[in-house]
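Peer 1: Shown below is the structure under consideration.
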């Protein structure tokens, strides 16, 4: 990877941050190239934070992606919503900020764990389990 | 893990009580008492582990100015790996008439059962590991009775507590103060890590740790290749740092003191992390006052995530003081912030950061980061 490789993780909470960061490190990304933007605890909902910051991060990505090898990873829990609805909400935030919707050739990955990141972690810890995407898991 | 500290009648800390997690961030305005907590930890460590005399370690002037009380009280609670709790209590009596200060009482408990009691008149009651009564004797009122007990087969709990207290590293790193040469090996980092090279000489005897540290530094410090000590006279050593340019692959050696303050800071911070986690049988509590000083912005978060992971995995414990937005915004995704506040000539009040945020801004997200909320002064009363 070049000196300018960088991945920004935008996420709702610490669980998501640790999960995404270690996932990327295991994929071979150097940890020094990861920058985390995680919602603070006690200041509103994490999901709202991600939706509010998403246009800023997409804007920053688009300003630099032509001359830097950068990408954006977004994590937002689906909770009781459909995954497609969550993706649409994020697109709507871009439109509200007068930005184009996410394009297929952009290095912007959105992970929407359903029901939440704990569901994924719970599955990864025991893959013989049947996944329940409707009930909140606790780690 | 260090679970709790109580302080009464020491500078701005009156009836101060703070419960601690694996990782803790102390926040608040200057003069709100954050560093005073570290000062007391240093004082207790010097008193118990290094044989400091009470009048030298706890100065009479350190009493809270607006109180008339002559006694200062301190309590520490430390949990061992099995989840059992040690409680240490120390009470110091000062005199205004020029008489020397003395230990009023010093007590150590294991799960609320006494291991040692030094009571009024300097009378010590010692207990064995099975809590049966041991010898009673008189001691010098100016020294720690806990500190004076040599390790024995029947006082392993008391010895464990003393060793654990030794494993508190309380430093404020100031690279320009670091000495040029190392006169000897030293197991303890000094207050400002002036003795970095001597301390590194000691910890790098663990070659596995030194190898891992150098591998990490290759990642975080551009061009870094390795360290080497060079003899200067019979005992003195000079730490040399080798850098390699990726293009011509030529190694060039620099003396440690020739590096920039930021480079030395980065090396010292990673060395602290690797050294305290090297021996899994010894748990450390790392207390760092403004560790972000001298670092370049992109260097902060990678070190912080490394620290967070190690604390979260239970390899170590950290108490941090910082005013830096990177620290605040990254760490406050976890409920580990403590907000210190204080009015002029009044005692420090401490609140959990999440509660303080909720008090001030409610549940609504105002779309700004916590560091901005602090910068704007919204958390100040």
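Chains as they are written, first to last, in my numbering: chain L, 94 to 232; chain V, 579 to 959.
Glycine included, every Cβ here is placed at the ideal spot set by N, Cα and C.
#1: So with CB distances below 7 Å, who are the chain V contacts of residue 128 (chain L)?
#2: Would residue 864 (chain V) and residue 747 (chain V) be called neighbours here (beta carbons separated by less than 8 Å)?
#3: Using CA atoms only, rank isn't needed, just tell me which of V:609, V:600 and V:774 is closest to residue 918 (chain V).
#4: At a Cβ threshold of 8 Å, is residue 125 (chain L) touching chain V?
#5: Using C-beta distances below 7 Å, list every residue in its chain close to residue 190 (chain L), excluding the 5 sequence neighbours before and after it, in chain order.
#6: Can you give the Cα-Cα distance for residue 867 (chain V) and residue 898 (chain V), rounded to whole angstroms?
#7: On the three-state DSSP scale, how would you describe residue 678 (chain V)?
#8: By Cβ distance, which residues of its chain are closer than 7 Å to residue 127 (chain L), with the 5 residues on each side in sequence left out?
#9: Alpha carbon to alpha carbon, how far is residue 94 (chain L) from residue 200 (chain L)?
#10: Compute the distance between the beta-carbons of residue 831 (chain V) and residue 820 (chain V), then report whether it is under 8 Å.
#11: Name the one or two DSSP bridge partners that residue 863 (chain V) has.
#12: I'd like the ranges of any alpha helix (DSSP H) spanning at least 4 consecutive residues and lying wholly in the stretch 137-187 of chain L.
#13: Check the DSSP bridge columns for residue 692 (chain V) and list the partner residues they point to.
#14: Against chain V, with Cβ distances strictly below 8 Å, would residue 155 (chain L) count as a contact?
#15: Identify, in the order they occur along the chain, each residue of the same chain with its Cβ nearer than 6 Å to the Cβ of residue 757 (chain V), setting aside the five sequence neighbours on each side.
#16: Just checking my contact of residue 906 (chain V) with residue 948 (chain V) at CB under 8 Å: how many whole Å lie between their CB atoms?
#17: List, in chain order, every chain L residue whose beta-carbon is nearer than 8 Å to that of residue 908 (chain V).
#18: Check whether the Cβ of residue 110 (chain L) lies closer than 8 Å to any Cβ atom in chain V.
#19: Would you report the Cα separation of residue 845 (chain V) and residue 795 (chain V), rounded to the nearest angstrom?
#20: Who are the near neighbours of residue 934 (chain V) in its chain, counting only those whose CB is closer than 7 Å to its CB and skipping five residues on each side?
#21: Are the CB atoms of residue 693 (chain V) and residue 735 (chain V) nearer to each other than 8 Å?
#22: Between V:800, V:696, V:628 and V:862, which has its C-alpha nearest residue 838 (chain V)'s C-alpha?
#23: CB residue 109 (chain L) to CB residue 210 (chain L), shorter than 8 Å?
#24: Is there a C-beta anywhere in chain V that falls below 8 Å from the one on residue 218 (chain L)?
#25: Please state whether DSSP places residue 585 (chain V) in a helix, a strand or coil.
#26: Assuming residue 805 (chain V) contacts residue 787 (chain V) (C-beta within less than 8 Å), just tell me the rounded distance between them.
#27: When Cβ atoms are compared, which residues of the stretch 896-922 of chain V fall closer than 8 Å to chain L?
#28: I'd like the list of long-range same chain contacts for residue 879 (chain V), defined as Cβ closer than 8 Å, with 5 residues on each side in sequence excluded.
#29: Hey, out of V:778, V:815 and V:914, whose CA is closest to residue 853 (chain V)'s CA?
#30: Anything in the stretch 880-895 of chain V with a Cβ closer than 7 Å to a Cβ of chain L? List those residues in chain order, please.
#31: How far does the alpha helix (DSSP H) with residue 800 (chain V) in it reach, from first residue to last?
#32: Rounded to a whole number of angstroms, what is the C-alpha to C-alpha distance between residue 817 (chain V) and residue 645 (chain V)?
#33: DSSP three-state call for residue 809 (chain V): helix, strand or coil?
#34: So with CB distances below 7 Å, who are the chain L contacts of residue 797 (chain V)?
Peer 2: On the basis of the supplied data:
#1: Here the neighbours are 879.
#2: Taking 8 Å as the cut-off, the beta carbon of residue 864 (chain V) is found closer than this to the beta carbon of residue 747 (chain V).
#3: The shortest C-alpha separation from residue 918 (chain V) is found at V:609.
#4: Residue 125 (chain L) counts as touching chain V.
#5: So the qualifying residues of the chain are 148.
#6: Rounded to the nearest angstrom, the two C-alpha atoms are 6 Å apart.
#7: Coil at residue 678 (chain V), not helix or strand.
#8: Only 100, 102, 114 and 117 meet the Cβ criterion.
#9: The predicted model places residue 94 (chain L) with a pLDDT of 39, which falls under 50 and marks its position as unreliable, so this point remains unresolved.
#10: Their beta carbons are under 8 Å apart, which means residue 831 (chain V) touches residue 820 (chain V) by this criterion.
#11: BP columns for residue 863 (chain V) point to V:746 and V:895.
#12: DSSP assignment within the stretch 137-187 of chain L yields the following whole alpha helix (DSSP H) runs of 4 residues or more, N-terminal first: 139-157.
#13: The bridge partners DSSP lists for residue 692 (chain V) are V:687.
#14: With respect to chain V, the C-beta atom of residue 155 (chain L) has no partner C-beta closer than 8 Å.
#15: Hits under 6 Å: 772.
#16: Confirmed, Cβ separation roughly 5 Å.
#17: Contacts between residue 908 (chain V) and chain L, judged by CB atoms closer than 8 Å, involve 129 and 131 in chain order.
#18: Yes, because at least one Cβ of chain V sits closer than 8 Å to the Cβ of residue 110 (chain L).
#19: Straight through space, the alpha carbons of residue 795 (chain V) and residue 845 (chain V) are spaced by roughly 7 Å.
#20: In its chain, beyond the 5 residues on either side, 917 and 957 have a beta carbon closer than 7 Å to the beta carbon of residue 934 (chain V).
#21: Yes, the Cβ-Cβ distance between residue 693 (chain V) and residue 735 (chain V) is below 8 Å.
#22: Looking only at V:800, V:696, V:628 and V:862, the smallest Cα-Cα distance to residue 838 (chain V) is reached by V:800.
#23: Result yes, Cβ atoms of residue 109 (chain L) and residue 210 (chain L) sit closer than 8 Å.
#24: So no, residue 218 (chain L) is outside the interface.
#25: Strand, per DSSP.
#26: The pair is not a contact, with the Cβ atoms about 12 Å apart (cut-off 8 Å).
#27: The residues in question are 907, 908, 910, 911, 912 and 913.
#28: If the five residues before and after residue 879 (chain V) are omitted, its C-beta is found closer than 8 Å to the C-beta atoms of 904 and 908, all from its own chain and listed in chain order.
#29: Of the candidates V:778, V:815 and V:914, V:778 places its Cα closest to the Cα of residue 853 (chain V).
#30: Within the stretch 880-895 of chain V, the residues whose Cβ lies closer than 7 Å to some Cβ of chain L are 880 and 883, listed in chain order.
#31: Note, residue 800 (chain V): premise wrong, no alpha helix (DSSP H); not H, not E.
#32: The alpha-carbon atoms of residue 817 (chain V) and residue 645 (chain V) are separated by roughly 49 Å.
#33: For residue 809 (chain V), the three-state secondary structure derived from DSSP is strand.
#34: Under the 7 Å cutoff, chain L gives 123 and 125.
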